[in-house]
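In case it helps, my numbering puts the sequence shown at residues 45 to 513. A short write-up of the structure that comes next.
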Amino acid sequence: MESGIQQTVMDKKGSQRVVAVMMIGAFIGVLNQTLLATILPEIMHDFQISSNTVQWLTTIFMLVNGIMIPVTAFLIERFTLRQLFFTATGFVVVGSFLCFIGPNFSILLVGRAVQALGAGMLMPLTQTLLFIIFPPEKRGLAMGMFGLVIGFAPAIGPTASGWFVNFFDWRYLFLIVLLIAVADFIFGYVTLQNMTQLTHPNFDVISVIETTLGFGGLLYGFSVAGQLGWTHPVVYVTLILSIVILILFVLRQLRLETPLLEFRVFKYRNFTISMMLIILMFMLFIGSMTILPIFMQNTLHWSPLLSGLILLPGGLVMGLLSPVMGKVFDKMGGRSLSILGMSIILIGALLLAQIHVSTPILYIIFSFSVMMLGNAMIMTPMTTAALNALPMKYIAHGTAMNNTMRQISAAIGTGLLVTAMTSLAQGTSRSGTASVVFGLNMTYYIVALVALIGVGLAFFVKNEVPTTK
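Written out as structure tokens, the structure is:
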């Protein structure tokens with residue numbers, strides 16, 4: 045059955061309004077992922093809970109978000125754009141309200157889960173919409189603007205929230221998100237129009253159960269691996285069961301006439317290679333965003349706000365350059381950008397591998413920003429190259445697959461790099477701070493090695509002419 049995803053021509057003003065509505069929604073979704081990074085201690089104090097308990101506010105969001113993303117491809121073919129947008133934004137509004145009024149931790153946790161239901165739909169929905177509105181020759185720039193949102197929101201989230209709680213109660217952060225979501229809901233009501241022809245695919249309950257258990261278990265297993273260790277029964281049992289369930293899920297999707305998530309997108313060579321580069325980049329990106337603050341706060345004893353400010357310039361570099369890289373992609377394709385991007389990530393990792401206890405703050409800022417520059421050359425160009433390789437009927441499934449792989453690679457990268465840093469620190473003859481520094485340095489050498497593999501892989505990217513059918 046053919047998908048309802050088709051190229052749609054809109055006037056410039058109309059397309060700008062639609063894009064603005066969807067970008068705001070995507071911004072809220074990404075912002076919610078990192079908003080709590082620096083305020084978890086405040087929540088621990090207010091509710092008198094442990095660090096392991098409060099971490100569930102982040103874990104539950106990641107799990108629900110990761111489970112919703114693969115289902116979105118099916119939803120896009122079953123419901124109209126307006127129905128999906130209002131439902132997703134409505135979830136964010138309700139979830140934010142529960143978090144704002146939350147009298148106890150349980151209500152706060154439920155609110156985070158409801159927020160994630162909406163956020164998981166908004167990301168792939170926005171990407172799909174951009175491919176519907178923009179012709180092939182302008183998709184790089186469009187995806188670059190999307191990259192600006194993805195890069196900017198997590199860059200300012202931890203820093204802004206860390207500053208905010210110095211003056212206001214943390215609950216008001218959720219009120220701000222609530223008000224933005226309500227405004228976007230109203231803006232969308234008067235702006236959005238339906239742009240897809242619905243195909244009403246069959247709802248396969250078994251597929252939904254398999255994707256929930258498979259992707260959810262995989263994300264949970266990797267997310268707790270850094271804390272519990274890879275040999276902990278919870279980790280390896282969860283991962284093994286999840287992988288088995290996902291294999292069954294893939295086999296079932298290949299048999300179904302209208303699959304929940306179309307794995308045949310991997311038959312397209314450029315999609316597969318581009319996705320491999322995106323997976324490598326996100327593993328290194330999110331992993332670095334995790335281990336560097338751990339080192340700065342636990343070893344150097346810098347405040348969460350200071351560590352957030354140190355990472356902020358790098359996030360801004362990545363976000364602000366995404367539209368530029370998208371425009372460059374439209375003119376010259378993705379092969380050269382991906383080779384250069386992975387090479388710059390490698391250089392940034394080697395610079396970060398030289399960090400020690402007396403390293404100047406400006407050196408850390410510069411080194412991390414170099415790495416983020418390389419990320420900007422990979423994220424937008426490779427996302428566009430991957431989706432350009434697909435026929436229009438597979439775009440919704442391509443965006444869902446892209447976002448799903450990003451979530452999984454982020455969890456894998458975090459688990460592997462945190463474990464590597466801890467294991468290398470414990471396995472050296474050095475003691476105290478010197479052992480932690482050694483662990484961090486060696487971990488970034490591993491990052492550099494993975495980036496080198498990415499450089500080699502980038503040579504296989506082709507500058508293909510996108511299809512409009």
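Here a beta-carbon is modelled for each residue, glycine too, at the ideal position from N, C-alpha and C. Just so it is clear, the structure is predicted and the values come from calculations on it, not from any experiment.
Practice task
Would you grab the beta carbon distance between L304 and V249 for me? Rounded to a whole angstrom, and I think it's under 8 angstroms.
Solution key: In the sequence shown, residue 304 corresponds to position 260, counting from 1. In the sequence shown, residue 249 corresponds to position 205, counting from 1. Between V249 and L304 the Cβ distance is about 10 angstroms, and since that is not below 8 angstroms, they are no contact.
Exercise for the section: Compute the Euclidean distance between the alpha carbons of S318 and I422, then round it to the nearest angstrom. Expected result: Taking the sequence shown and counting its residues from 1, one reaches residue 318 at position 274. Taking the sequence shown and counting its residues from 1, one reaches residue 422 at position 378. Here the alpha carbon of S318 sits roughly 9 angstroms from the alpha carbon of I422.
Practice task
Please find out if some non-hydrogen atom of the ligand ZN comes closer than 7 angstroms to the beta-carbon of Y264.
Solution key: For the ligand ZN, the structure offers nothing, since it holds no ligand at all.
Handout entry: Per-residue burial, D228 [other beta carbons within 10 Å of its own, 16 or more giving buried]
Key = As a first step, residue 228 must be located in the sequence shown, where it is residue number 184. Buried, since its Cβ has 16 or more Cβ neighbours within 10 Å.
Exercise for the section: Answer with buried or exposed for Q451, where buried requires no fewer than 16 other C-beta atoms within 10 angstroms of its C-beta. Expected result: As a first step, residue 451 is located in the sequence shown; it is residue number 407 there, counting from the start. Classification for Q451: buried.
Problem - Collapsed DSSP secondary structure at R215 in the structure displayed - result: As a first step, residue 215 must be located in the sequence shown, where it is residue number 171. Looking at R215 - three-state DSSP - the assignment turns out to be helix.
Exercise for the section: Taking the CB atoms as reference points, tell me whether L320 and A495 lie closer together than 8 angstroms. Expected result: If you number the sequence shown from 1, residue 320 lands on position 276. If you number the sequence shown from 1, residue 495 lands on position 451. With the sequence shown as reference, residue 320 is identified as Met, and Leu is not the correct amino acid for it. It is not a contact, given that the beta carbons lie outside the stated cut-off.
Handout entry: Reduced DSSP secondary structure (H/G/I, E/B, other) of T343
Key = As a working note, residue 343 is residue 299 in the sequence shown. Reduced to three states, the DSSP call for T343 is coil.
Problem - the region 367-380 contacting the region 214-225, beta-carbon criterion three pairs below 8 angstroms - result: no
Exercise for the section: Tell me whether N447 is buried or exposed, calling it buried when 16 or more other Cβ atoms sit within 10 Å of its Cβ. Expected result: Taking the first residue of the sequence shown as position 1, residue 447 is located at position 403. Label assigned to N447: buried.
Problem - Three-state secondary structure assigned by DSSP to I83 - result: For this step, residue 83 is matched to residue 39 along the sequence shown. Three-state result, I83: coil.
Practice task
With DSSP collapsed to three states, give me the class of H89.
Solution key: To locate residue 89, count along the sequence shown from 1; it is residue 45. Three-state result, H89: helix.
Exercise for the section: Measure the C-alpha to C-alpha separation of G392 and G359 and round it to an integer number of angstroms. Expected result: Against the sequence shown, residue 392 aligns to sequence position 348. Against the sequence shown, residue 359 aligns to sequence position 315. The straight-line gap from Cα to Cα measures roughly 14 angstroms.
Problem - C-beta atoms of L262 and L236 nearer than 8 angstroms - result: The residue you call residue 262 lines up with position 218 of the sequence shown. The residue you call residue 236 lines up with position 192 of the sequence shown. Taking 8 angstroms as the Cβ cut-off, L262 and L236 do not qualify as a contacting pair.
Handout entry: Through-space distance from S479 to M465, alpha-carbon basis
Key = By 1-based counting over the sequence shown, the position of residue 465 is 421. By 1-based counting over the sequence shown, the position of residue 479 is 435. Cα to Cα, the separation comes out at about 10 angstroms.
Handout entry: Nearest-angstrom Cβ-Cβ length linking T203 and L356, presumed shorter than 8 angstroms
Key = Residue mapping note: residue 203 aligns to position 159 of the sequence shown, counting from 1. Residue mapping note: residue 356 aligns to position 312 of the sequence shown, counting from 1. Indeed, because the Cβ distance is near 5 angstroms, the residues count as touching under 8 angstroms.
Exercise for the section: Write down every uninterrupted run of the alpha helix (DSSP H) in the region 251-299 whose length is 4 residues or greater and which is fully enclosed by it, in chain order. Expected result: 277-299
Handout entry: Exposure of V288, with buried meaning 16 or more beta-carbon neighbours within 10 Å
Key = Along the sequence shown, read from residue 1 onward, the residue named residue 288 stands at position 244. Under this definition V288 is an exposed residue.
Handout entry: Close beta carbons around M45, own chain, < 8 angstroms, minus the five adjacent residues each side
Key = Numbered from its first residue, the sequence shown carries residue 45 at position 1. Interpretation of M45 is limited by its pLDDT of 44, a score under 50 that renders its predicted location unreliable; the figure taken from the coordinates is listed afterwards. Excluding positions up to five away in sequence, the list reads T243, P245, E301 and T302.
Exercise for the section: Would you kindly work out how many angstroms separate the C-alpha atoms of F149 and T78, rounded to a whole number? Expected result: Indexing the sequence shown from 1 puts residue 149 at position 105. Indexing the sequence shown from 1 puts residue 78 at position 34. Those two C-alpha atoms are separated by around 18 angstroms.
Practice task
Could you tell me if G8 is buried or exposed, where buried requires 16 or more neighbouring beta carbons within 10 angstroms of its beta carbon?
Solution key: Outside the displayed span of the chain (45 to 513) sits residue 8, for which this structure offers no information.
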